[in-house]
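Numbered per this note's numbering, the sequence shown spans residues 262 to 504.
All residues carry an ideal CB built from backbone N, CA and C; glycine is no exception.
Keep in mind it's a predicted model, so treat the numbers as computed, not measured.
Notes for the one structure printed next.
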Amino acid sequence: MSETKVALVTGANKGIGYEIAAGLGALGYRVGVGARDDKRRDDAVARLRDTGVDAFGVPLDVTDDHSAAAAAELIADRAGRLDALVNNAAITGGHPQQPSLVDPAVIRTVVETNVIGVIRVTNAMLPLLRRSPSPRIVNMSSSVGSLARQSGPGSGTTTGPVAVAYAPSKTFLNAVTLQYVRELADTNILVNCACPGYVATDLNGFRGIRTPQEGAATAIRLATLPDGGPTGGFFEDAGVVPW
């Protein structure tokens with residue numbers, strides 16, 4: 262089996278996901294670009310290869326069981342194992358998201374991608390991660406999912422607008438991450454959450470104040486942690502995010 266480390270980044274055809282793939286590729290990882298849109302995925306792979314990254318496309322719809330299973334088979338055939346999984350794919354659900362106005366179907370759709378999608382992909386990839394000598398899982402969360410920040414002083418200015426679908430989906434994801442940490446406590450798989458900060462992407466209409474490269478930094482660090490590194494944490498550039 263090749264000594265080159267292999268990573269899969271979901272939602273990697275653009276924005277933060279693309280920059281995570283680029284950053285891991287620059288560190289010598291062979292990177293699977295997970296995305297459901299064929300053209301956008303192929304374009305992203307081509308751009309990454311033009312910069313010298315060993316990238317390959319992974320057709321992946323995180324809301325589909327068969328797609329996740331097929332993605333795992335593809336990576337097994339191409340690489341034989343997986344060293345880092347970055348669950349980055351997410352949606353906001355649009356607006357309005359005031360609890361009294363939201364369509365419950367919006368919440369179901371957001372949770373299907375942002376939470377169940379992470380579980381679906383992680384479970385499909387776990388057999389490949391177990392073949393790695395130093396496997397890492399990074400779930401892209403957000404500080405808007407921090408209950409401490411949502412309920413603290415000045416929360417209206419620090420955690421964005423009221424968003425009963427998106428923000429709780431990240432809280433849910435944080436809780437799910439900790440359950441994986443508990444289950445995998447006797448393994449060498451390190452599992453953490455990363456907050457990219459308020460990044461200018463199409464997810465927020467490019468209103469963010471950070472670049473996608475800046476938003477990718479914490480995820481890259483957690484995906485490349487040394488053995489003995491932290492697990493079960495929630496991190497941003499400045500340090501630990503309170504749950």
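Status (buried if at least 16 other CB within 10 Å, exposed otherwise) for residue i
i	result
G318	buried
E264	exposed
Q358	buried
A407	The sequence given here has Ser at residue 407, not Ala. When all chains shown are included, S407 counts as buried.
G354	buried
P360	exposed
P396	buried
A436	exposed
G458	buried
Candidates the options, of which the one nearest residue i by Cα
i	options	result
Q519	E264, T265, A287 and L269	The chain is shown only over 262 to 504; residue 519 falls outside these bounds and no answer can be derived.
N453	V442, V460, A446 and D447	V442
A345	D364, I281 and A424	I281
D315	R342, V405, I450 and L285	L285
S404	T324, T432, A283 and T472	T432
K275	T312, G313 and N349	N349
R302	Q411, Y290, N384 and T271	T271
V367	G493, G489 and S430	S430
G341	R291, A273 and S412	R291
D326	G421, G289 and V382	V382
N375	P414, G413 and T438	T438
Whole-angstrom distance between residue j and residue i, CA atom to CA atom
i	j	result
D304	Y279	11 Å
R339	I377	26 Å
P487	L389	19 Å
L387	E444	12 Å
V306	I352	22 Å
A550	Q440	What the structure shows of the chain is the stretch from 262 to 504, and residue 550 is not part of that stretch, so it cannot be assessed.
V347	A484	7 Å
A329	L321	6 Å
R392	L451	14 Å
T324	G313	31 Å
Y427	L362	14 Å
C456	A385	24 Å
V423	N449	38 Å
G489	P394	12 Å
T420	D311	37 Å
I277	V460	8 Å
A283	G493	25 Å
A413	P365	Residue identity differs from the one stated: residue 413 is Gly in this sequence, not Ala. One C-alpha to the other measures close to 27 Å.
A273	T472	15 Å
H356	G289	40 Å
Distance between beta carbons of residue j and residue i, contact taken as under 8 Å
i	j	result
G293	L309	In fact, because the Cβ distance is near 11 Å, the residues do not count as touching under 8 Å.
P503	A409	4 Å
L434	V379	6 Å
V425	L343	Contact doesn't hold; Cβ gap of about 34 Å is too wide.
Does the structure place the stretch 397-411 close enough to the stretch 318-336 that three or more beta carbon pairs sit under 8 Å?
Put simply, the stretch 318-336 does not touch the stretch 397-411. Fewer than three CB pairs are less than 8 Å apart.
Is it a yes or a no for the stretch 477-488 touching the stretch 368-381, going by three-plus beta-carbon pairs under 8 Å?
no
Just checking, does the stretch 489-503 make contact with the stretch 287-297 on the three C-beta pairs under 8 Å criterion?
No contact exists between the stretch 489-503 and the stretch 287-297.
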